[in-house]
Structures are given as C-alpha cells and as structure tokens.
Amino acid sequence: MAETKIADAVDAEDRTLNVMNARIKWWILVKKSDEQVMEKLGIPKGLSRAAMKDHPNFQTFEDFQVKKWLKSYTSTSTVWDDLGLNNVVGAVKSADGYGTYEKYVFALGDKVDKYIRKHGRMPKLHKSVNEVENAHKVELLKTKYDDVRVGWIVNPVPR
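Oh and the sequence shown: position 136 is 136 in this note's numbering, straight run, nothing missing.
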C-alpha cells in the first residue's frame, strides 16, 4: 500500500514536470517576455532576484529563462549582463543571478557537447569579450568537461 502511494506521488510529479516543460516550450515558441511569464506564474513585478527566489514558481521562471537563452544561443556575456552580474563588486558567486548564470553555462555546455557528438563540428557561438565573465565560465566548465571541450566552448572558431 505504501509503495503504491509513493509510486502515485512520483507519477503525479512526473506529470507536473511534463506539463511545466510543455508550458515553457510554448512560452518560448510564442516569444513570451520575462514579464509575461512572471505574470503567468504569479510572480509580482518589481521584485529583486533575491526576493523572487522565495517565490514557489521561481524555479519554473528560471528554467524558462535558461531554455529561452539556449534556444537563441544567447551569449554567456549577454546573460551575465542581463542578470546584473557586470555590476557586482566583490564576490560574484554569491550574487543573486549567479546561480542562473551557472545553470545557463552548464546547459549551453551540454547543448554544445550534444551538437558536436551529433554533427561532428562546433555550432556557431559568440566569443565572450568580458574577461571576468569568461574566467567564471572556464572555471564552471572545467568541473564538467576536459580542457579541449572547454576551449571549444569558450574560444569558438567563427564559421
């Protein structure tokens, strides 16, 4: 009986995740803005990113942002700037937007890795001109990829 309840809970959670992923894909397809998605998720306007993290739908909003950036191959330096990390003085890793930046870098690395495995070549990427952002990107990617793959992602050759 207890096993059935656990299985039912897991199935319900899987269905919820599938529904949310479908919603996120739809929002990206119809080009919903961050503000429109926040409204759909009930996240009040004008909150700082730190305050948004406390909202129960923040994770969904963050997933939307990361997937939207991935879909358009947004440069990591643009994401860095959009999250306000270029204005941080001191410990960037503890800044409010750093966790989202980190998720994007890893997601982009995974997407590039998958692309290379499938097509045998690099996708077109933007090279970062922000040395601080680039150093953080390298540090993050080195925790997951070898130096060659990190070099491909960080210093892409224009096609």
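Each residue gets a CB set at the ideal place from its N, CA and C atoms; glycine is no exception.
Go ahead and label H119 buried or exposed: buried means 16 or more other beta carbons lie within 10 angstroms of its beta carbon, across all protein chains shown.
What you label residue 119 is simply residue 119 of the sequence shown in a count that begins at 1. With fewer than 16 Cβ atoms within 10 Å of its Cβ, H119 is classed as exposed.
Same chain only: Cβ atoms within 7 Å of K137, ignoring 5 sequence neighbours per side
Counted from its first residue, the sequence shown places residue 137 at position 137. Only T76, V105, S128, V154 meet the Cβ criterion.
contact_flag[the region 98-114, the region 66-81] where n(CB pairs < 8 Å) is 3 or more:
yes
Hey, out of Q36, L140, V132, whose CA is closest to N86's CA?
Along the sequence shown, read from residue 1 onward, the residue named residue 86 stands at position 86. When each option's Cα is compared against that of N86, the closest is V132.
Roughly how many angstroms separate the alpha carbons of G46 and E35, rounded to a whole number?
As a first step, residue 46 is located in the sequence shown; it is residue number 46 there, counting from the start. As a first step, residue 35 is located in the sequence shown; it is residue number 35 there, counting from the start. Approximately 10 Å, taken between the alpha carbons.
Evaluate T143 with the Cβ neighbour count: other Cβ atoms within 10 Å of its Cβ, from every protein chain shown; 16 or more gives buried, anything less gives exposed.
As a working mapping, residue 143 is identified with position 143 in the sequence shown. Under this definition T143 is an exposed residue.
Does DSSP classify G99 as helix, strand or coil?
Here the question's residue 99 lines up with position 99 in the sequence shown. Here G99 sits in helix by DSSP.
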